[in-house]
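Below is one structure; the comments refer to it alone.
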Amino acid sequence: MLLAPNETLDLRAAQRTFDGAYMRTALSQLTFSLAIIKIFEPKFFWIGLANCVLALGLVLTSVFRHRMTMKYVERVYLTIQARRNLDVHRVDDNGLRADPSSELHTKFPSFRTAGDIVLFIAVYIVVVESVILCLLLMSITANAFAPLFKGSEPILLSHLLTRPAHSIINQAFDSRLRIDLARPINGDGFGVGWYDSVDDPELGQAPCIFTSVTPAWNNVNLQRLAEKIKSPLVFGHVRASTAGALSETNCHPWRYGRLMWMHNGQISQFSKIKRRLLAALPEPLFLMPMGQTDSEYAFALYLSHLKDPETSEKFSYHELKEAMLRTIRDINQWSREAGIEEPSLLNFCITDGESVVCTRYVSSKTDEAASLYFSTGTSFYEHAKGEYRMVKAGRQQNIVVIASEPLTFEQADWMEIPSNTIVCITPSINVLTYPIMDEYHIDSPEQHPRNPDFAVRAGFHPSVPLQETGMTTAAAAEAAVAAPPRIFRIAYVRIVHFSASSRLSSMKKDLFETRQQMNMTSAQDEFSKWARLRRKVDKLTAQVDEQNKSLASSQFMFSIMFKVFMFVLNSAVPFALNWYFKWTPMFYLPPGDWFGPLGYFFSFPNAPAGAVSSTVWTTVCGRVLALVGAYARELLVKEPQPANPMAEKKPTGTAVTQDKGEIIKDQTEKTPSTLKQRRI
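Quick note: the sequence shown uses the working numbering, first residue -16, plus one each step.
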């Protein structure tokens, strides 16, 4: 029997629909969406979720169209039977060579195609892939764009010193991790040092340092300066004196030429080795210390190990590192000769404005060093008033913060630096970590853990775990369970726990305003008012912590439910679809014995022989996309895998403190971040 061209096209369209064209598109979109969700960065989540919704819609469309096709095939079969019975043949598209009354029975039915749906899918896929391409290009640009070091984006000092709810200024009187019974607050002065963000010959290359003996939280000038000064490299320090009188000459940091130095810790029984240290200094450095602290004399000793430290324009990080190791070696040697048994806590930090070297060190094999944490990412931003977060939008980092106590309550943002480690940051923002290989080095720290009691008693180490600070509960829950996107968690809290969320927001606002009032109140001239505000701050802080714990518990349960839902969406739904369409072939292989026994595998579990089943097709597509995605990320980032545990966070800038301090350094050059670990 002959068919007209339009009848052939209708029959072909029905056959494609019957063979699962919509289902193939749905499975492809579902695989594509799962690949986006699992492989790409979090900012691609919404694209993957939208593709997943489209795939589920196509599944429903496929079921509906499949039923339409079955009815159409039945009508076609009846029409063909009618033509055969009447022995009619199609001559043209206008009619049949038969009685017109028989046309109702022999007219070929028209198959209604879904052209609008196909057009929508095509446009949607083009838009989605264009958005993905733009986001990828933006990610590459954000990771690779790097002007010269002096021209990098500076950071406003207030983002480090005053604005964060747990900034080092607030840590001076409200430490969450460190409870120092001997020095409960760091109120013996403070200091801030920074380098200019522009290279101006008139200004010179030496850093600028601002120090004061007043408490950091009570200094209005610091608040004013922090809101107006930007710098790519900042040292911040608040002091609780261990040696030396209360004077500006004893406040960290110090500078010598282009070099800037600060220290967190103490040289045990420094008076016993002071004469020996002074004897080792050359004449210019002998007269350099203006104060009485062990930290400043350690700086002079460090300078004695550098060649021409006053006039040299710059030093390599190798020179800075070797001088640091010699300084630690001399202090240890003289302490042994003087019979000093108490360990020294030597968290030193030095920079020349380009390279940075810092240490976390204790002269003991059994005790823990003074605490030191770091956080890396691409930006450090304020997501709520007083609450900051380190954003990681790629493998390379544009910024790193190192502090003796974390500046934020996001536990996942911070990682502890191991004891007896030296960290070097090159001008190109490569971060290198080395174990300090001396008599106090431990080959297997996990088998011989250090005891933090000494550092805790001295007030240089957290006396409570990071998870027990109250506001870190939500972060701990997020680390334990893969949390849903932040907008879902916020919506859940705002809707389901509206009253509790409103109370928490109100308490946070009151706490922030009260802290501002306390910071603006003089503890010396208006002590009664300051004490009243301090008690109110303590009360509000306890209430906020309690409310945070309650909401964090609710968010934790929501995270578990969301994880179960995503598992069902990612695994159970594809499995159910593959099982439902196990008889439906995705496509047929070329005729012939091309694949041999593999043909049986391609049709697993129940597809016709010579076809590729939906199960095999989705499995292969998923694996190929995973491999291609991993390769593409490696190719785009062009960064080697870290060779040590410290490399997984990939620090890029640096910060250290004495009793409290930090340092921050921006990315400046288009150089892959490499981390190495060597023996010294």
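We put the beta carbon where it would ideally sit given N, CA and C, even for glycine.
In the DSSP assignment, R207 falls within the unbroken alpha helix (DSSP H) covering V203 to A209. Using a Cβ distance threshold of 8 Å, I323 and S427 do not count as a contacting pair. The C-beta of V547 has fewer than 16 other C-beta atoms within 10 Å across all chains shown, which makes the residue exposed. DSSP places H424 outside both helix and strand once states are collapsed to three, so it counts as coil. With at least 16 other beta carbons inside 10 angstroms of its own, P190 counts as buried. Under the 10 Å beta carbon count, R207 is surrounded by fewer than 16 other beta carbons and is classified as exposed. Proximity to T349 across F193, A395, P432 and Y563 peaks at P432, based on C-alpha coordinates. Where Y285 is concerned, the enclosing alpha helix (DSSP H) starts and stops at D277 to S287. H366: member of the beta strand (DSSP E) spanning S362 to A367, first to last residue. The continuous beta strand (DSSP E) containing R343 extends over residues V339 to R343.
For Q249, no alpha helix (DSSP H) encloses it; the enclosing beta strand (DSSP E) starts and ends at L242 to Q249. Counting along the chain, S195 sits inside the beta strand (DSSP E) bounded by residues C191 to S195.
DSSP places T416 within a strand segment (E or B) once states are collapsed to three. Between P272 and Y239 a beta carbon distance of about 10 Å is seen, past the 8 Å cut, so the two are scored as non-contacting. Of the other Cβ atoms in all chains shown, 16 or more fall within 10 Å of the Cβ of P236; this residue is therefore buried. Look at E266 here: in three-state DSSP terms it is helix. In this chain, L140 is not harboured by any beta strand (DSSP E), its DSSP state being neither H nor E. When secondary structure is reduced to three states using DSSP, W397 falls in the coil class, being assigned neither helix nor strand. Taking 8 Å as the cut-off, the Cβ atoms of P418 and E351 do not count as close. Exposed is the label assigned to Y364, since fewer than 16 other Cβ atoms lie within 10 Å of its Cβ. For V175, there is no enclosing alpha helix (DSSP H); the enclosing beta strand (DSSP E) covers residues F173 to W177.
In this structure, the straight-line span from the alpha carbon of S586 to that of V109 is close to 31 Å.
Counted as a single uninterrupted DSSP element, the alpha helix (DSSP H) harbouring A559 occupies residues V556 to Y563.
Ranking L43, V374 and M243 by CA distance to the CA of H366 puts V374 first.
According to the DSSP secondary-structure assignment, M373 is paired through a beta bridge with F363. The stretch 253 to 265 makes no contact with the stretch 205 to 219, as fewer than three CB pairs between them are under 8 Å.
Annotation: I543 to D396 spans about 21 Å, alpha carbon to alpha carbon. When beta bridges are read from the DSSP output, T8 appears opposite no residue.
Of the residues Y5, E210, G336 and S113, the one whose Cα lies closest to the Cα of L37 is Y5. For I323, the secondary structure class from DSSP, reduced to helix, strand or coil, is coil. The DSSP-derived three-state label of V383 is strand. Looking at the DSSP output, N434 bridges to D350. In this structure, DSSP gives T409 a state outside helix and strand, which the three-state scheme calls coil.
Short of 6 Å from the beta carbon of V181, and not among the five residues preceding or following it, lies no beta carbon of its own chain.
With fewer than 16 other Cβ atoms inside 10 Å of its own Cβ, H301 counts as exposed. Between V217 and W177, the C-beta gap is smaller than 8 Å, which places the two residues in contact.
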